[in-house]
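Accompanying notes for the structure given below.
What follows is the structure, encoded as structure tokens:
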């Protein structure tokens, strides 16, 4: 297929200050404010008629009861059972909610409360909210839904950090966009046997599932179709989509119909002893002796403890440079096995799948001051605490120093493969093998924009129309059309822009492996600064086979 050429026009990236300004409520004309009646509560939003979007920012007991005090580290409680609403009134849904309390990995520490994501509303434990963006002129009364789970290493981010305004506007009335928040860091992912016995591990993932199920029950009130919900997220949001795909062993019917795990962050999961070490560090730094004591602390004290545990735990096994110390664990319930194992065994929901990654995924998570292989290996031993000399010998055979111009680029190559690139290969190949419709699997490799982790965001996520942060407007239009088409039809092609090349499914006939006497190629869509064209998946490699064969997320 002939490569598609695009012209490059560089534009400045918008500062977070612009995001904050653009997301302030724009009042509707008197008497025309949009409302949504959910049966148990009524909400009034506001309209931005300039870009054609009705906004509902559900800050009042949004999708689950506030997880405070005794509800910390518990499964979220459905908001309808909370009896918190006065059914005789209409609740305001025009204000941005506080974000969930964040923390930053100590290896790359910066104050997460300063300027992150442009959220102007502060931080709170009462943060289980979602925003709903509805076109003012919908093309039908049952629109497909794109539900965003934000990224940030399971310790950062909020609903405002992944704005869907640009996509809803570009979709011309054909989609609804929902963005959710969930408990982060220590609040959402504190591990340990005491939490397992006296609460729920993976509370943040359970929050996500509660929000998805809330959408199933209530999105009809906003004109959405619960039968056409695509879950979407990048980085830890992509990892979260992965865990929703394998939730509970995937033996029931999923509360979503398709999935987009963008550059999915598959960091190693802490084993039981590492979880208990994490929990005991929290006890030690708080002068507590039990989870009951932790539940009695003030929100502000727990927020400080959240960062303190991160700071005190680096470096240690499971907390290497660039890794986020808090995150999902195998709990035997919601997460029954490691993601790579679940995909190998077919324990994931059979839904259409779109995956991608950027060109240099490992760069932002590698130590620029690390200049020797001795230092590189010492850090890698924290990431692979149960690996021996044979593992590292083979690692450096596959990523020889002679191929790279620095230790930094050697490390970014294998780290990016291990943590993100290879997971896209594992997901796509197993989805082809297991899905009832093997042609409904699509993969993209994005080498445009800045080419680093989350490079696609500037071309897909914008709080204003036109994706002004993208450095190529033609490409932004094409990318948005692929995502909108997949949301509406579960295929990126039918509604793609007129100048957008055809995106082949991952399993296509061509040069590649032989299956049932036919030649099968694992096709990705490759996007560079100047071309868009199919190519055989470069992640179908000895490197990814190496990580996969060695127990991808080593947990002993």
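In mature numbering (1 follows the signal peptide of the UniProt record, and there is no 0), the protein residues as written are -20 to -1, 1 to 536.
By construction, the Cβ of each residue, glycine as well, lies at the ideal position given by its N, Cα and C atoms.
Unbroken beta strand (DSSP E) run spanning residue 122, endpoints: Where residue 122 is concerned, there is no enclosing beta strand (DSSP E), given that its DSSP letter is neither H nor E.
Inter-residue spacing [alpha-carbon to alpha-carbon] between residue 199 and residue 475: 23 Å
Buried or exposed by the 16-neighbour rule on C-beta atoms within 10 Å, applied to residue 217: buried
For residue 402 and residue 528, believed in contact at Cβ under 8 Å, the rounded distance: 7 Å
Backbone CA spacing between residue 472 and residue 150 [nearest angstrom]: 15 Å
Own chain residues within Cβ distance below 6 Å of residue 139, not counting five before or after: 111, 159 and 161
Integer Cβ distance of residue 123 from residue 205, believed to fall under 8 Å: 6 Å
Helix, strand or coil at residue 264 [DSSP, three-state]: helix
CB of residue 436 within 8 Å of CB of residue 336, strictly: yes
Anticipated Cβ contact below 8 Å, residue 165 with residue 286, distance rounded: 5 Å
Sequence-distant residues of its chain with Cβ nearer than 6 Å to residue 78 (five each side left out): 101, 102, 103, 104 and 107
Pick from 428, 224, 60 and 396 that is closest to residue 241, judged by C-alpha positions: 224
Selected residue, minimal CA-CA separation from residue 444, among 197, 142, 87 and 37: 142
CA-to-CA distance, residue 297 to residue 257, given in whole angstroms: 10 Å
Residue from 29, 254, 316 and 462 whose Cα sits closest to the Cα of residue 424: 462
At least 3 beta-carbon pairs within less than 8 Å: the stretch 268 to 284 vs the stretch 189 to 197: no
Residues bridged to residue 76 [DSSP beta-bridge criterion]: Looking at the DSSP assignment, residue 76 forms no beta bridge with any residue, so it has no partner.
Among 126, 319, 250 and 44, the one whose alpha carbon lies nearest that of residue 365: 250
Residues sharing a beta bridge with residue 156, DSSP: 125
Runs of beta strand (DSSP E) lying entirely within the stretch 390 to 475, each at least 3 residues, in chain order: 421 to 426
Burial state of residue 358, where buried means 16 or more other Cβ atoms lie within 10 Å: exposed
Same chain, Cβ closer than 6 Å to residue 80, neighbours up to 5 away in sequence not counted: 107, 161, 163 and 164
Range covered by the alpha helix (DSSP H) that runs through residue 184: 183 to 198
Nearest candidate by alpha-carbon position, reference residue 58, set 41, 25 and 70: 41
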